[in-house]
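Each residue of the sequence shown is one higher than the one before, counting from 5 in our numbering.
Beneath this line is the structure, given in structure tokens, with notes to follow.
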Amino acid sequence: MIDAVIATLRKGWCKKLAAVNAYGDQVDARDPNACAWCLVGAVKATLDFRDGYNLLHALDELIKPEFECLAYFNDACNNVDEVILFLEMASCRLNLS
5 MIDAVIATLR
15 KGWCKKLAAV
25 NAYGDQVDAR
35 DPNACAWCLV
45 GAVKATLDFR
55 DGYNLLHALD
65 ELIKPEFECL
75 AYFNDACNNV
85 DEVILFLEMA
95 SCRLNLS
């Protein structure tokens, strides 16, 4: 599950918006023209509603109290590698893949 989200983020990563197209315009995370996603957008683009909701909730609990929410965490990161490292550590901690 997390591996699929990481694969989506490796295609492209953004801040401040769930997803953007090649022109940098905001699009829905599941829009076929999306080419970069934030952490939350990548989960929404990759997983179905139930799995996505459950994963977002679990990840959100891992980043508190340092960050209020996953969007703030994503936007505080300097690059996608920091987001991916968090996901890899979360995968181990939550026993997910």
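Glycine residues also receive a C-beta, built at the ideal position from the N, C-alpha and C atoms.
Quantities reported herein were computed from a predicted structural model and do not represent experimental measurements.
Cross-strand partners of residue i (DSSP beta bridge)
i, result
"Val24", "Gln30, Ala40"
Endpoints, the alpha helix (DSSP H) within which residue i is located
i, result
"Leu13", "6-15"
"Cys18", "Note, Cys18: premise wrong, no alpha helix (DSSP H); not H, not E."
"Phe53", "53-67"
"Asn78", "74-80"
"Asp85", "84-98"
Candidates the options: closest to residue i by CA position
i, options, result
"Asn83", "Leu66, Ala26, Met5, Ala40", "Ala40"
"Glu65", "Lys20, Pro36, Phe90", "Phe90"
"Ala38", "Gly16, Glu92, Tyr76, Arg97", "Gly16"
C-beta atoms of residue i and residue j nearer than 8 angstroms
i, j, result
"Ala33", "Ala23", "yes"
"Val44", "Leu74", "yes"
"Lys68", "Cys42", "no"
"Ile6", "Ala94", "yes"
"Asn78", "Val87", "yes"
Any non-hydrogen atom of the ligand SAH within 7 angstroms of residue i CB
i, result
"Ala40", "For the structure depicted, the ligand SAH is absent and the ligand set is empty, with no information on it obtainable."
Note to self: Assess contact between the segment 7-24 and the segment 34-54, defined as three or more Cβ pairs (one per stretch) separated by less than 8 angstroms. Is contact present?
What the structure shows: yes
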